[in-house]
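Heads up: the structure comes next, in structure tokens.
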Amino acid sequence: MTAPLIDLRSDTVTRPTPAMREAMLRAEVGDDVFGEDPMVNALEERMAALFGHEAAVFCPSGTMTNQIAIHVHTRPGDEVICEEGAHVYRYEGGGMMATSGCSVKHVAADRGRYTAEAVAAAVNDRNAAYLANSRLVVVENTTNRGGGAIWDLAEVGRIRAVCDAQDLRLHLDGARLFNAMAVDGTTPAQWGGLFHSISICLSKGLGAPAGSVLIGPSPLIHQARRVRKRLGGGMRQAGFLAAAGLYALEHHVARLPEDHRRARRIGTALSGHAHVEEVMPVVTNIVIYSLRTGHSAIDHVAALASAGVRCMAIGPRQVRMVTHLDVDDAAVDRVLERLRSMAD
Ligand SMILES: Cc1ncc(COP(=O)(O)O)c(C=O)c1O
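Residue numbering for the sequence shown follows my numbering, beginning at 13 and increasing consecutively.
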């Protein structure tokens with residue numbers, strides 16, 4: 013019998029557990045576009061309360077929650093300040109340019125994290141009519157291209173102070189915020205207090221099949237519902253998915269440190285590997301490493317795939333592995349074995 017495939021390409025690949033499927037099956041549903049789906053309403057109320065905001069809206073994806081947030085915070089011609097590797101800029105189909113007509117200013121960052129000083133320096137002079145209107149700052153926590161690095165809450169507080177002084181809005185792409193909170197012990201209320209809007213993905217580390225939630229003040233979420241509809245994100249009996257999200261919040265948050273521990277095991281093995289030049293410090297569930305000159309990421313990924321381990325080339329010599337709900341200790345043992353045999 014061939015061993016099952018180990019898929020480390022992303023934490024989005026998880027399948028619902030039998031218990032999550034059971035919760036989905038039992039979901040009482042209604043038409044969410046009419047505001048009548050009890051599960052969606054319960055999820056939105058729960059998330060808003062958790063983050064200390066007034067309201068929330070359930071959407072099909074993290075891309076949609078991010079892009080809706082950008083759309084409601086800005087007007088065409090405004091400028092968004094973010095980091096060059098930010099998901100909102102790099103991996104959302106050019107959405108902030110195409111859907112919201114915004115330009116982008118990148119700030120220098122360390123593994124996706126930048127400083128309040130960098131934000132202050134990036135704000136355009138409001139009196140210069142020839143410059144774009146700086147309007148929104150986006151923070152990503154954990155940072156995807158930064159190898160799952162986490163932000164310092166105090167630095168984000170300083171960024172918020174710059175935003176308040178400069179009349180900027182602050183959005184959190186918290187696709188993996190629960191992973192960050194599992195490491196530093198910060199709370200949803202602390203993050204909620206610092207941002208004008210927050211996007212949380214249920215379909216990444218938390219293991220739901222789909223769905224993200226945008227959280228914020230009532231007027232902003234009211235506008236967000238209209239934009240969601242306009243973009244085709246009104247999902248009718250979405251309660252089946254919301255039930256999976258509620259189940260994930262209840263049962264899959266406390267286990268996140270297991271994913272982090274397994275990612276660290278992989279990171280440690282890679283650090284001593286003959287083909288590996290450098291491994292980014294492993295803090296959460298993402299492991300990013302670069303290969304030595306003469307080794308291509310595509311060949312490395314293909315060699316692992318032929319042994320049943322899937323991962324992702326994210327640069328000519330850069331590779332990403334992500335641990336998640338469907339990767340247990342035995343799977344990590346097999347990954348390490350395969351890596352060892354490749355170094356021979
Ligand atoms: C940091 C970050 N933000 C947003 C998203 C978008 O989520 P989705 O795939 O649900 O559109 C992702 C997806 O991987 C992500 O890593």
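Heads up, the beta-carbon is just placed ideally off N, CA and C, and yes, glycines get one too.
Just so you know, these numbers come straight off a predicted model, no measurement behind them.
**OP:** Run through the stretch 133-205 for me and flag every whole alpha helix (DSSP H) of 4 or more residues, listed as ranges in chain order.
**Re:** 165-178, 189-196, 200-204
Original post:
Given a threshold of 16 other Cβ atoms within 10 Å of its Cβ, counted over all protein chains shown, does leucine 143 qualify as buried or as exposed?
Top reply: exposed
**OP:** Just list the beta strand (DSSP E) runs in the stretch 297-332, keeping only unbroken ones of 3 residues or longer that don't cross its boundaries, in chain order.
**Re:** 298-303
Original post:
Which partner residues does glutamate 91 have in the DSSP bridge list?
Top reply: Ser115, Ser146
Original post:
What's the gap between the Cα of glycine 89 and the Cα of valine 299?
Top reply: 37 Å
**OP:** Count the other CB atoms, across all protein chains shown, that sit within 10 Å of the CB of serine 211; report buried if there are 16 or more and exposed otherwise.
**Re:** buried
Original post:
What residue from Leu351, Arg346, Val344, Leu303 has the CA that sits closest to glutamine 330's CA?
Top reply: Leu303
Original post:
What three-state label does DSSP hand aspartate 23 in the structure shown?
Top reply: helix
Original post:
Alpha carbon to alpha carbon, what distance is there between aspartate 164 and valine 265?
Top reply: 20 Å
Original post:
Does the separation of the CB atoms of serine 230 and alanine 67 fall below 8 Å?
Top reply: yes
Original post:
Taking the alpha-carbon positions, what's the cysteine 175 to threonine 111 distance?
Top reply: 23 Å
Original post:
So does aspartate 185 have its beta carbon nearer than 7 Å to some heavy atom of ligand 1?
Top reply: yes
**OP:** Report buried or exposed for asparagine 139, applying the criterion of at least 16 other Cβ atoms within 10 angstroms of its Cβ.
**Re:** exposed
Original post:
Counting along the chain, where does the alpha helix (DSSP H) carrying glycine 107 start and finish?
Top reply: 107-110
Original post:
According to DSSP, which residues form a beta bridge with arginine 125?
Top reply: Asp122
Subject >> First through last residue of the alpha helix (DSSP H) which encompasses phenylalanine 46 >> reply: No alpha helix (DSSP H) holds phenylalanine 46; DSSP gives it neither H nor E.
Original post:
By Cβ distance below 7 Å, which residues in the same chain neighbour arginine 248 in space, the five residues on each side in sequence not counted?
Top reply: Asp43, Asp44, Val45
Original post:
When we look at the beta-carbon of threonine 155 and count the other beta-carbons within 10 Å, is it buried (16 or more) or exposed?
Top reply: buried
Subject >> Residue span of the alpha helix (DSSP H) that contains leucine 253, given as start and end >> reply: 251-263
Original post:
Roughly how many whole angstroms lie between the Cα atoms of valine 69 and alanine 54?
Top reply: 11 Å
**OP:** Since I believe alanine 98 is in contact with valine 150 (beta carbons under 8 Å), could you give me their beta-carbon distance rounded to a whole number of angstroms?
**Re:** 6 Å
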